[in-house]
Every structure is written in structure tokens, then in C-alpha cells.
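>
2 protein chains.
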Amino acid sequence: MTARPTRGRGQHAGLSAHAILRSAIRLADREGLGALSMRRLGTELGVEAMALYHHFPSKDALLDAVVGELVTEATAAQPPGDDWQAALRGYGLAFHASLTAHPQLVPLVLTRPAVTSGNLQVVESLVGSISAAGFAPERALDMVYAVGRLAFVHAALSTGTDEATFVRGDPTDRLGAISAEDYPHLAAAAQASIGRPLTYRLEFAVDALIAGFAQLQHRP
Amino acid sequence: MTARPTRGRGQHAGLSAHAILRSAIRLADREGLGALSMRRLGTELGVEAMALYHHFPSKDALLDAVVGELVTEATAAQPPGDDWQAALRGYGLAFHASLTAHPQLVPLVLTRPAVTSGNLQVVESLVGSISAAGFAPERALDMVYAVGRLAFVHAALSTGTDEATFVRGDPTDRLGAISAEDYPHLAAAAQASIGRPLTYRLEFAVDALIAGFAQLQHRP
DNA sequence: AGAGGATAATGTACGCCGTAAAGCAAGCGG
DNA sequence: CCGCTTGCTTTACGGCGTACATTATCCTCT
Numbered sequence: 001m002t003a004r005p006t007r008g009r010g011q012h013a014g015l016s017a018h019a020i021l022r023s024a025i026r027l028a029d030r031e032g033l034g035a036l037s038m039r040r041l042g043t044e045l046g047v048e049a050m051a052l053y054h055h056f057p058s059k060d061a062l063l064d065a066v067v068g069e070l071v072t073e074a075t076a077a078q079p080p081g082d083d084w085q086a087a088l089r090g091y092g093l094a095f096h097a098s099l100t101a102h103p104q105l106v107p108l109v110l111t112r113p114a115v116t117s118g119n120l121q122v123v124e125s126l127v128g129s130i131s132a133a134g135f136a137p138e139r140a141l142d143m144v145y146a147v148g149r150l151a152f153v154h155a156a157l158s159t160g161t162d163e164a165t166f167v168r169g170d171p172t173d174r175l176g177a178i179s180a181e182d183y184p185h186l187a188a189a190a191q192a193s194i195g196r197p198l199t200y201r202l203e204f205a206v207d208a209l210i211a212g213f214a215q216l217q218h219r220p
Numbered sequence: 001m002t003a004r005p006t007r008g009r010g011q012h013a014g015l016s017a018h019a020i021l022r023s024a025i026r027l028a029d030r031e032g033l034g035a036l037s038m039r040r041l042g043t044e045l046g047v048e049a050m051a052l053y054h055h056f057p058s059k060d061a062l063l064d065a066v067v068g069e070l071v072t073e074a075t076a077a078q079p080p081g082d083d084w085q086a087a088l089r090g091y092g093l094a095f096h097a098s099l100t101a102h103p104q105l106v107p108l109v110l111t112r113p114a115v116t117s118g119n120l121q122v123v124e125s126l127v128g129s130i131s132a133a134g135f136a137p138e139r140a141l142d143m144v145y146a147v148g149r150l151a152f153v154h155a156a157l158s159t160g161t162d163e164a165t166f167v168r169g170d171p172t173d174r175l176g177a178i179s180a181e182d183y184p185h186l187a188a189a190a191q192a193s194i195g196r197p198l199t200y201r202l203e204f205a206v207d208a209l210i211a212g213f214a215q216l217q218h219r220p
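Protein chains in written order, with this note's numbering: chain W, 1 to 220; chain U, 1 to 220.
(1) CA-CA distance, G176 (chain U) and T72 (chain W)?
(2) Note down, in chain order, every chain U residue with its Cβ under 9 Å from the Cβ of Y91 (chain W).
(3) Looking only at its chain, what residues have a beta carbon closer than 7 Å to the beta carbon of L141 (chain U), apart from the 5 residues adjacent to it on each side?
(4) Should E138 (chain W) be flagged as near chain U, meaning a C-beta pair shorter than 9 Å?
(5) Hey, is A35 (chain U)'s beta-carbon within less than 9 Å of any beta-carbon in chain W?
(6) Cβ of A87 (chain U) within 9 Å of Cβ of S37 (chain U)?
(7) Can you tell me which of the three DSSP states H55 (chain W) falls into?
(8) Should I210 (chain W) go down as buried or exposed, given a rule of 16 or more other Cβ atoms within 10 Å for buried?
(9) At least one CB of chain W closer than 9 Å to the CB of E124 (chain U): is that the case?
(10) Would you call T100 (chain W) buried or exposed, if buried means 16 or more other Cβ atoms sit within 10 Å of its Cβ?
(11) Residue range of the alpha helix (DSSP H) that I20 (chain U) falls in?
(12) Under a Cβ-count criterion, where at least 16 other Cβ atoms within 10 Å of its own Cβ denotes burial, should H102 (chain U) be classed as buried or exposed?
(13) Does the distance from the C-beta atom of L15 (chain W) to that of V47 (chain W) stay below 9 Å?
(14) I believe A61 (chain U) touches G118 (chain U) by the beta-carbon criterion, under 8 Å. Please report the beta-carbon distance rounded to the nearest angstrom.
(15) Which of the three DSSP states is assigned to A114 (chain U) in this structure?
(16) Rounded to whole angstroms, what is the Cα-Cα separation between V66 (chain W) and H185 (chain U)?
(17) May I ask which residues mark the beginning and end of the alpha helix (DSSP H) holding A97 (chain W)?
(18) Just to confirm, is the Cβ distance from A205 (chain U) to R149 (chain W) under 9 Å?
(19) Below 7 Å CB to CB, which residues in the same chain sit around A74 (chain U) once its five sequence neighbours on both sides are set aside?
(20) Leaving out the 5 sequence neighbours to the left and right, which residues in its chain are closer than 7 Å to R174 (chain W) when beta-carbon positions are compared?
(21) Between the C-alpha atoms of Y145 (chain W) and K59 (chain W), what's the straight-line distance to the nearest angstrom?
(22) Who are the Cβ neighbours of L45 (chain U) in its own chain at under 6 Å, not counting the five residues just before and after it?
(23) Apart from the five residues on each side of it in sequence, which residues of its chain come closer than 6 Å, Cβ to Cβ, to A114 (chain W)?
(24) Using the three-state DSSP reduction, which class does R201 (chain W) fall into: helix, strand or coil?
(25) Given that R100 (chain W) touches chain U, what residues does it touch there, using C-beta distances under 7 Å?
(26) Taking L52 (chain U) and R40 (chain U) to be in contact with their CB atoms under 8 Å, please state how far apart those CB atoms are, rounded to whole angstroms.
(27) What distance in whole Å lies between the Cβ atoms of L202 (chain W) and P256 (chain U), which are believed to be in contact at a cut-off of 8 Å?
(28) Could you confirm whether any beta carbon from chain U is found closer than 9 Å to the beta carbon of P197 (chain W)?
(29) Helix, strand or coil for F135 (chain W) per DSSP?
(30) Mind pulling the chain W residues with CB within less than 8 Å of I178 (chain U)?
(31) How far does the alpha helix (DSSP H) with H185 (chain U) in it reach, from first residue to last?
(32) Please return the same chain residues whose Cβ sits closer than 6 Å to the Cβ of A17 (chain W), not counting the five positions on each side in sequence.
(33) May I ask you to report which of helix, strand or coil DSSP gives V144 (chain W)?
(34) Reducing DSSP to helix, strand and coil, say where G14 (chain W) ends up.
(35) List, in chain order, every chain U residue whose beta-carbon is nearer than 7 Å to that of A193 (chain W).
(36) With A188 (chain U) and L216 (chain W) assumed to form a contact (beta carbons below 8 Å), what rounded beta-carbon distance in angstroms separates them?
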């Protein structure tokens, strides 16, 4: 150990909370959530595991911070357009895109409430746009929630197996391919959706959602 | 040990995969996912941890089976109505209700692809109904996905903290209450949504989604 | 009926994990 | 120059998943 010859044992400023966070995200991206242990993260930073406890009180707190970092990054730089439909759509797609950049970490985001100030700022702006279009603020928040959650869950599940995988073959998979006899409609649908980009389903859902909202607008 | 005096050491039929599953679900419901260890589950069943490995090859496989059990239970008994809108709505709400019965386990469902035959059956039936209403099967599947995922993510996040919690007070919470100066629209919206039932937001989103779908139907 | 395998459980052990506690080297203010 | 604070290491503990070996019962076949 002490493979850093330029510094003695008690040097300062070797680590920072933010550097740890970034390293944790990189590690999880590369080797999965399971590889994200304190010891592993320590060696990744050239440091013993216990050193991390000088910057975070527990692993749980560290993971909370990772989620915060991620959500901040995901909701950053939202152009505040005045067209609520475009804003909402952009929010959903951008959120999704940012989350899918770190697919391994999405389950983490699910389990801890991540309310950062950047996050709140974006939601505030969206709720403002929507309210300005004549919706009750309560409704506006529901709308933002719906789109955000849809984007989120698509990010979480898009890496998993879906029907298209089953139909494409590879019968060593869990249940084998979907048989066209047992599930005719499903097989046809899955067959048709092979090869579509990952965002297709999300865009469809978000657009339908927004269409539904717009319809609501004209009948108070 | 061997607190069961009526049977010797190698008796059969002491355990079954299904009994283990139910016990695992009960344990996790009661004490959280963290308490669901092989040793703990073993003692819960009056058995050593390694005994479980005769019924499941690994803990991971056991968790997969738990998810399967859960999803099967959640999608069971869907009345196959011929009204696609009612069917879709019912599917979403029932799915959500079943999942929220085991809030601790929802994060588990997120991380493993759960495609059970019961599951496929329900989706098949829904896709059938929707196709019969004139939608392309591919679209029908997208619609089922959208509703299912919305229900799922609402179940996953409904136990977490949302904006209403912040506004209600308790400034010891992560960021403290939402300040009405910094986030006027958000504060108003959160204030207004205090006290609503948990399913309210989901119902709103599902209804909007279905309205959007229906609109699509009239413009091919 | 007796042999032999299959089955279901145990016991032991290994290498991970998160983290509490204590120690130890540098830098800094008095 | 002393001693406190800061950043890191060392050591240790209990719990985890599970590989491996063992044992005790039941089922089947001759």
C-alpha cells in the first residue's frame, strides 16, 4: 500500500466528496451496482475503505448523494419554453436520456427520494408554464409527475427483457420465446416492435399523455 | 435446533419452494428487504440456511421466484371485459393495488424481468381487446406497457417522499419544507394536493393516457 | 426383506461486506 | 515547540452468500 510516493501518510486534500461521488458513479456504470462496495470504491481511489467515512457518514448517505448527483445532472439545463406541451415533452425525454446514460444506477434512484434544489427548480418552472396555460396548479403538478415517472420507469425497465427479446429467439431465456399459438396477439405485436429504438415506446406514451392533458384543457 | 420432535433428520416434505416463497414475502413485508437473508429466512422456517438451496440454486433465483409470485398475484383475476378502455384502466389500478400490498418488494420487481405465464396471459387478453377496437397490435402492446409501467412506478414511488410531505412541514426532512417564495407554483400545487388518496395521481394519469389513446383511435 | 440411490437437511468453512474504534502522520495556530 | 485538528490506516466484529462434505431418512428395485 501507500503506492503514492509523493505524499506522506497524513497529507490533506487527497479526496473530496464530489470526487468520491463521481468515482462511485463511474464504478457502478462500469461494473454494476454489486461492485459498488466501500472497499472496492476505496481501492478505486487509491485509499482504504474507511477513508470514505470522513466524507460520508455511511454507505447509505453516499448512495443518497449519488442519487442527488444523478438527478441534478438529469434535470439540468432545461430550456424554459413557454409552450407547455413542448416543455413537458422535452422534460420527459431529457430526463429519460440522462437516466439511461447510467442504467445501472436507475434502481438506486427508485429507492431513495431525490429532491434536489435543481430538481425543484425544473418542476417549478414546468408547473408555472402549465398553470399559465389555464390548468389548476394541482393538476399541473400531477401532469409533471406523470410524465416524469413515465420517463423514469422507462429508463429503469428499458434495459430489462421485454417481449421483443422473447420473440427474437434465444429460447435459453427464462420462458423461451412467446409461442404464436398461445399468445397470438402478443406475438404479432412483439414481432412488429422488433428493431424500434428504445425511446419509441416512451415517446408514444408521453405524446398520448400530453394529448390527454390537452383534451382536459378544453373541458374544465 | 430440531425443535420439531415428530420428525427425524432426513424427513421429506418439510419444505416446499412455494412455502419458502410465501415466507420470504411475509418476512420482507414485515421487516424489509434488508432482513431477507438466507439465514434469517431459514430460521423463520425452522431450518438452516443451506436447506433453502435444495429448492433454489441461489438467493438470486429465489428473489426471481419471489418476483414471479408477486407479479402472478398482481395480474391474477383480471375480468376480460370487451371495453378496452375499462379493461386497461382496471388493469392499471389492479396492478397498482396488488403491488402496493407489498411496498417493500416493489424495488425487487424493478430489477428483474418478471415474465410469468399468468402475466403473459393478461397482457395477451388486453392486447386482444385493444386490437379488436381497431388499433394495430403493436400500438396495443405499447398502450398496455404504458399503463402497466405507470401503475408500477406509482407503486414504487408512492411510499417515498413527495412534495406534499415537504410542504406539510417537518423541516428536519432532507431539504426542509418547500419555501413559497422560491417555488410559488410548486408550493401552491403541493398545498392543494395534501390529503388526497394515494391512487388519485395514478388515476389521473391513467385516465389522461387512455383519453390520449382514444383520441389516436379516431385519427389513424 | 435387504440394498442402493435419491432427497432433504445439517455443519463447517471461506471470502466478502459495512463499519466501530483506535492509532498515527502531517499541517497549523498558540 | 506544543498540542489540536484533519485525513488516513489498522484492526476487529458480526453478518452475509454459498461451496463442500456429511448424515439421516424415504423410495424403488430385486
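C-beta atoms are modelled at their ideal positions from N, C-alpha and C, and glycine is treated no differently.
Looking at the atomic coordinates:
(1) Looking up residue 176 (chain U) in the second sequence gives position 176. Looking up residue 72 (chain W) in the first sequence gives position 72. Note that G176 (chain U) scores 47 on pLDDT, short of 50, meaning its location in the model is unreliable and no value can be drawn from it.
(2) If you number the first sequence from 1, residue 91 (chain W) lands on position 91. By Cβ distance, chain U contributes nothing, its closest Cβ being about 14 Å from Y91 (chain W), past 9 Å.
(3) Taking the second sequence and counting its residues from 1, the one referred to as residue 141 (chain U) is at position 141. Cβ neighbours of L141 (chain U) beyond the five flanking positions: V127.
(4) Here residue 138 (chain W) corresponds to residue number 138 of the first sequence, with the count starting at 1. So, interface residue.
(5) Residue 35 (chain U) sits at position 35 when you count from the first residue of the second sequence. Not closer than 9 Å to any Cβ of chain W, the Cβ of A35 (chain U) fails to qualify, so no.
(6) Counting from 1 along the second sequence, the entry for residue 87 (chain U) is found at position 87. Counting from 1 along the second sequence, the entry for residue 37 (chain U) is found at position 37. No. Outside cutoff.
(7) Here residue 55 (chain W) refers to the residue found at position 55 of the first sequence. Three-state DSSP puts H55 (chain W) in coil, outside helix and strand.
(8) Numbered from 1 along the first sequence, position 210 holds the residue referred to as residue 210 (chain W). Looking at its Cβ environment, which holds 16 or more other Cβ atoms inside 10 Å, I210 (chain W) is buried.
(9) Locating residue 124 (chain U) in the second sequence gives position 124, where the first residue counts as 1. At a cut-off of 9 Å, the C-beta of E124 (chain U) has a neighbouring C-beta in chain W.
(10) Counted from its first residue, the first sequence places residue 100 (chain W) at position 100. Its Cβ being crowded by 16 or more others within 10 Å, T100 (chain W) is buried.
(11) Locating residue 20 (chain U) in the second sequence gives position 20, where the first residue counts as 1. Per DSSP, I20 (chain U) belongs to the alpha helix (DSSP H) from A17 to E31.
(12) The residue labelled residue 102 (chain U) in the question sits at position 102 within the second sequence. Buried is the call here.
(13) By one-based count along the first sequence, residue 15 (chain W) stands at place 15. By one-based count along the first sequence, residue 47 (chain W) stands at place 47. Yes, Cβ-Cβ distance for L15 (chain W) and V47 (chain W) is below 9 Å.
(14) Residue numbering aside, residue 61 (chain U) sits at position 61 when the second sequence is read from its first letter. Residue numbering aside, residue 118 (chain U) sits at position 118 when the second sequence is read from its first letter. So it is not a contact: roughly 19 Å between Cβ atoms.
(15) Within the second sequence, residue 114 (chain U) is the residue found at index 114, counting from 1. Three-state DSSP puts A114 (chain U) in coil, outside helix and strand.
(16) Along the first sequence, read from residue 1 onward, the residue named residue 66 (chain W) stands at position 66. Along the second sequence, read from residue 1 onward, the residue named residue 185 (chain U) stands at position 185. V66 (chain W) and H185 (chain U): Cα-Cα distance of roughly 28 Å.
(17) Looking up residue 97 (chain W) in the first sequence gives position 97. Here the alpha helix (DSSP H) through A97 (chain W) covers W84 to T100.
(18) As a working note, residue 205 (chain U) is residue 205 in the second sequence. As a working note, residue 149 (chain W) is residue 149 in the first sequence. Yes, Cβ-Cβ distance for A205 (chain U) and R149 (chain W) is below 9 Å.
(19) Start at 1 with the first residue of the second sequence, and residue 74 (chain U) comes out as number 74. If we look at A74 (chain U) and ignore the five residues flanking it on each side, its Cβ neighbours are F95, S98 and L99.
(20) Stepping through the first sequence from its first residue, residue 174 (chain W) is reached at position 174. Confidence at R174 (chain W) is low in this model, with a pLDDT of 40, below 50, so the placement of that residue should be treated as unreliable; the coordinate-derived value is given next. For R174 (chain W), where only same-chain residues beyond five positions count, there are no Cβ hits under 7 Å.
(21) Locating residue 145 (chain W) in the first sequence gives position 145, counting from the first residue. Locating residue 59 (chain W) in the first sequence gives position 59, counting from the first residue. Roughly 29 Å between the two C-alpha positions.
(22) Counted from its first residue, the second sequence places residue 45 (chain U) at position 45. Counting only Cβ-Cβ distances below 6 Å, and skipping sequence neighbours, we find S23.
(23) Walking along the first sequence from the start, residue 114 (chain W) turns up at place 114. The answer, listed in chain order, is V67, G68 and V71.
(24) As a position in the first sequence, residue 201 (chain W) is number 201, starting the count at 1. Of the three classes helix, strand and coil, the one that applies to R201 (chain W) here is helix, per DSSP.
(25) Position 100 of the first sequence, counted from the first residue, corresponds to residue 100 (chain W). A small correction: the amino acid at residue 100 (chain W) is Thr; Arg does not occupy that position in the sequence shown. Under the 7 Å cutoff, chain U gives no residues; its nearest Cβ is about 15 Å from T100 (chain W).
(26) Here the question's residue 52 (chain U) lines up with position 52 in the second sequence. Here the question's residue 40 (chain U) lines up with position 40 in the second sequence. In this structure L52 (chain U) is not in contact with R40 (chain U), their Cβ atoms being roughly 11 Å apart against a cut-off of 8 Å.
(27) Absent from the model: residue 256 (chain U). The displayed extent of chain U is 1 to 220, so no value can be given.
(28) Counted from its first residue, the first sequence places residue 197 (chain W) at position 197. It does not: the Cβ of P197 (chain W) has no partner Cβ on chain U nearer than 9 Å.
(29) As a working mapping, residue 135 (chain W) is identified with position 135 in the first sequence. Of the three classes helix, strand and coil, the one that applies to F135 (chain W) here is coil, per DSSP.
(30) In the second sequence, counting from the first residue as 1, residue 178 (chain U) sits at position 178. Correct list: L120.
(31) Your numbering for residue 185 (chain U) matches position 185 in the second sequence. Start and end: P184 to A192.
(32) Here residue 17 (chain W) is taken as the residue at index 17 of the first sequence, counted from 1. Only H55 meet the Cβ criterion.
(33) Here residue 144 (chain W) is taken as the residue at index 144 of the first sequence, counted from 1. Helix.
(34) On the first sequence, residue 14 (chain W) is found 14 positions in, with the first residue counted as 1. G14 (chain W): coil per DSSP, three-state reduction.
(35) As a working note, residue 193 (chain W) is residue 193 in the first sequence. The question names Ala, yet the displayed sequence has Ser at residue 193 (chain W). The contacting residues are E138 and L141.
(36) The count along the second sequence starts at 1 and reaches residue 188 (chain U) at position 188. The count along the first sequence starts at 1 and reaches residue 216 (chain W) at position 216. About 19 Å; that fails the 8 Å criterion.
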